[in-house]
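Enquirer:
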Amino acid sequence: MASNIQIEIGKGKLGILTPVMGAVHTTFMAGVISIRRGLSKPVGSLTQMGTIRLGKRTDNRNPMVKDFVPLADLNDIVFGGWDIFTDSAYEAAMNAQVLDKDLLNEIKDELQEIKPMKAVFDKHYVKKLDGSHVKQGGTKMELANAIIQDIEDFKKKNGCDRVVMVWCGSTEIYIKESDVHSTIEKLEEGLRNNHEDIAPSMIYAYAAIKSGIPYANGAPNLSCDVPGIVELSKQTGAPIAGKDFKTGQTLMKTIIAPGLKARYLGIDGWFSTNILGNRDGEVLDDPENFKTKEVSKLGVLEHILEPSKHPDLYKDLYHKVRINYYPPRGDNKEGWDNIDIFGWLGYKMQIKVDFLCKDSILAAPLVLDLALFLDLAKRAQMKGIQEWLSFYLKSPQTLPGLPPMHDLFDQLKKLENTLRYMMGEDLITNLGQDYYEEDPE
Ligand SMILES: NC(=O)c1ccc[n+]([C@@H]2O[C@H](COP(=O)([O-])OP(=O)(O)OC[C@H]3O[C@@H](n4cnc5c(N)ncnc54)[C@H](O)[C@@H]3O)[C@@H](O)[C@H]2O)c1
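Numbering (my numbering), first residue to last: 284 to 724.
1. Would you kindly work out how many angstroms separate the C-alpha atoms of Asp405 and Phe573, rounded to a whole number?
2. Using 10 angstroms around the beta-carbon of Asp563, count the other beta-carbons present and answer buried if the total reaches 16, otherwise exposed.
3. Take Glu479 as the anchor and find which of Tyr408, Lys641, Ser317 has the nearest alpha-carbon.
4. Within the continuous alpha helix (DSSP H) that includes Leu659, where are the two ends?
5. Put Leu322 into one of helix, strand or coil per three-state DSSP.
6. Among Ile299, Thr330, Thr681, Ile538, which residue has its Cα nearest to the Cα of Cys443?
7. Measure from the alpha carbon of Gly364 to the alpha carbon of each residue in Glu435, Leu337, Gln331, Pro353, then state which is nearest.
8. For Ile624, tell me which candidate among Leu600, Leu639, Arg612, Asn615 has the shortest Cα-Cα distance.
9. To which residues of the same chain is Asp652 closer than 7 Å at the C-beta, ignoring the five residues directly before and after it?
10. Let me make sure I understand the geometry here. Which of Asn477, Val604, Asn287 has the alpha-carbon closest to that of Gly281?
11. So, under 8 Å CB-CB, Leu639 and Glu617 are touching, yes? Tell me the CB distance rounded to an integer number of Å.
12. What residue range does the alpha helix (DSSP H) around Arg703 cover?
13. Between which two residues does the beta strand (DSSP E) containing Pro483 stretch?
14. Any heavy atom of ligand 1 closer than 7 Å to the beta-carbon of Pro346?
15. Of the residues Lys631, Gly629, Asp637, which one's Cα is nearest the Cα of Asp620?
16. Would a C-beta distance cut-off of 8 Å place Gly667 and Lys517 closer than the cut-off?
17. For Glu374 and Phe437, what's the separation of their Cα atoms in angstroms?
18. State the start and end residues of the unbroken beta strand (DSSP E) segment that holds Arg605.
19. Which residue wins for smallest C-alpha separation from Met377, given the options His689, Gly715, Ala306?
20. State buried or exposed for Gln694, treating a residue as buried only when at least 16 other CB atoms are found within 10 Å of its CB.
21. Take Tyr718 as the anchor and find which of Arg320, Leu354, Gln669, Asp342 has the nearest alpha-carbon.
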């Protein structure tokens with residue numbers, strides 16, 4: 284299928300900038316460095332390990348994704364970021380206690396060189412954090428301009444050809460979309476007047492997108508998911524994707540729920556609870572910050588199961604999500620799901636899931652894939668919301684009124700077909716009738 288998409292070949296270095304040096308971000312950076320040095324494998328990354336089928340099943344064309352589309356090479360990536368603490372990436376990774384000390388010490392030289400720039404931060408939005416490495420004074424617009432300047436300086440200093448930004452920062456308090464977010468003019472006015480509904484994650488998003496830089500939002504904050512910012516992304520040609528990395532319990536949910544629905548099994552209730560002890564868990568221990576996460580997690584089942592279309596099966600589903608801060612576990616989360624289901628004639632059954640996962644290990648490859656695909660999208664002149672990246676996100680950003688797709692396998696098909704489309708290959712519908720048609724004489 285011919286597409287009109289022309290993809291510029293990325294030459295030179297790609298800067299991946301993230302507001303923060305937290306657990307996810309340092310696990311991502313340390314991971315890429317150790318993969319570059321041949322110490323580890325990029326497990327969990329579709330861009331690095333994935334293959335993609337092209338043409339008919341009998342054609343045997345299954346290239347690696349990274350050989351099929353022109354992605355940046357891992358050796359061309361340069362890292363940078365902002366944080367409210369002065370710790371280098373090495374110290375921050377040590378504090379996060381996700382990766383083995385031995386591995387971190389082996390790549391200490393490179394990690395130590397990555398030092399955060401001063402953050403745009405306001406405790407009002409993340410009650411449980413306090414830090415001194417913060418830009419002082421000025422309006423929110425002045426702070427946004429300071430980030431724009433930081434990006435320019437980073438590009439120059441590191442000789443980067445291109446830059447992308449991925450928010451891996453803390454979850455902020457719940458903010459409802461309001462009038463100030465509705466147009467770019469109102470948003471810019473709000474930035475000049477320090478409007479309370481503009482949180483730091485939105486200031487970073489504005490700065491990146493204003494500069495035409497691709498932006499992904501790994502947390503459930505509004506950030507780039509408001510009409511004013513979407514409008515800006517179309518004006519400046521920046522591809523954007525949000526929100527909230529799909530890892531852990533929600534990943535499991537979007538694997539299991541489509542399967543139950545495919546077999547038309549009913550669900551009475553889905554109770555999800557988990558314990559985690561990292562800084563993210565501490566931040567989410569505050570009810571106002573948890574509320575933002577809760578909204579992002581709760582939408583998933585509703586969209587997959589579509590109770591209004593299947594009232595007999597899902598109308599009364601009781602869905603509850605709990606996150607409990609429990610320091611002894613650190614980044615090693617344990618998530619329990621109790622699913623009350625029913626089958627033929629309404630007979631009841633239960634499914635129990637106990638997922639002992641490592642949050643940042645699941646999230647790090649998503650940072651890499653989102654950054655590489657957004658850079659590809661930018662070079663393919665794809666601007667605005669990139670719904671094909673929903674695969675990575677818990678609460679996918681779509682156009683207003685367009686229901687998001689949550690089923691992981693639908694999302695994968697969408698992603699793969701987008702890559703085929705970009706490269707002028709036939710889309711795969713899985714119809715497969717042609718294999719069974721008799722050869723015309
Ligand atoms: N780990 C996962 O599986 C996962 C999944 C989905 C979403 N997330 C989200 O990703 C984000 C990061 O998670 P984490 O485990 O790395 O958390 P973390 O607490 O280890 O790191 C967050 C970092 O953000 C910094 N920060 C906060 N506000 C900032 C600001 N305004 N500017 C600069 N830095 C700022 C903090 O200092 C901290 O270093 C969280 O919002 C989390 O909810 C994580």
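Even for Gly, the Cβ is constructed at its ideal location relative to N, Cα and C. Please read all numbers here as calculations on a predicted model, not as lab measurements.
Expert: Walking through what the data contain:
1. Straight-line Cα distance between these residues: approximately 17 Å.
2. With 16 or more Cβ atoms within 10 Å of its Cβ, Asp563 is classed as buried.
3. That would be Tyr408, whose Cα lies nearest to the Cα of Glu479.
4. 642-662 is the extent of the alpha helix (DSSP H) around Leu659.
5. Three-state result, Leu322: coil.
6. Nearest of Ile299, Thr330, Thr681, Ile538 to Cys443, Cα basis: Ile299.
7. Gly364 has its Cα closest to that of Glu435, out of Glu435, Leu337, Gln331, Pro353.
8. Across the set Leu600, Leu639, Arg612, Asn615, the C-alpha of Leu600 shows the shortest separation from the C-alpha of Ile624.
9. When the five nearest sequence neighbours on each side are left out, the beta carbons in the same chain lying within less than 7 Å of the beta carbon of Asp652 are those of Ser328, Leu329, Thr330, Tyr675, in order along the chain.
10. Nothing in the structure corresponds to residue 281, since the chain is present only between 284 and 724.
11. Cβ-Cβ separation between Leu639 and Glu617: approximately 5 Å, consistent with a contact (criterion under 8 Å).
12. Per DSSP, Arg703 belongs to the alpha helix (DSSP H) from 691-705.
13. DSSP places Pro483 in no beta strand (DSSP E) but in the uninterrupted alpha helix (DSSP H) bounded by 483-493.
14. No, Cβ of Pro346 sits at least 7 Å from all heavy atoms of ligand 1.
15. Of Lys631, Gly629, Asp637, the residue nearest in Cα terms is Asp637.
16. The answer is yes: Cβ separation under 8 Å.
17. One Cα belongs to Glu374, the other to Phe437, and the distance between them is close to 21 Å.
18. Unbroken beta strand (DSSP E) run through Arg605: 601-608.
19. For Met377, the closest C-alpha among the options His689, Gly715, Ala306 is that of Ala306.
20. It is buried - the Cβ of Gln694 has at least 16 other Cβ atoms within 10 Å.
21. The residue from Arg320, Leu354, Gln669, Asp342 with its alpha-carbon nearest to that of Tyr718 is Asp342.
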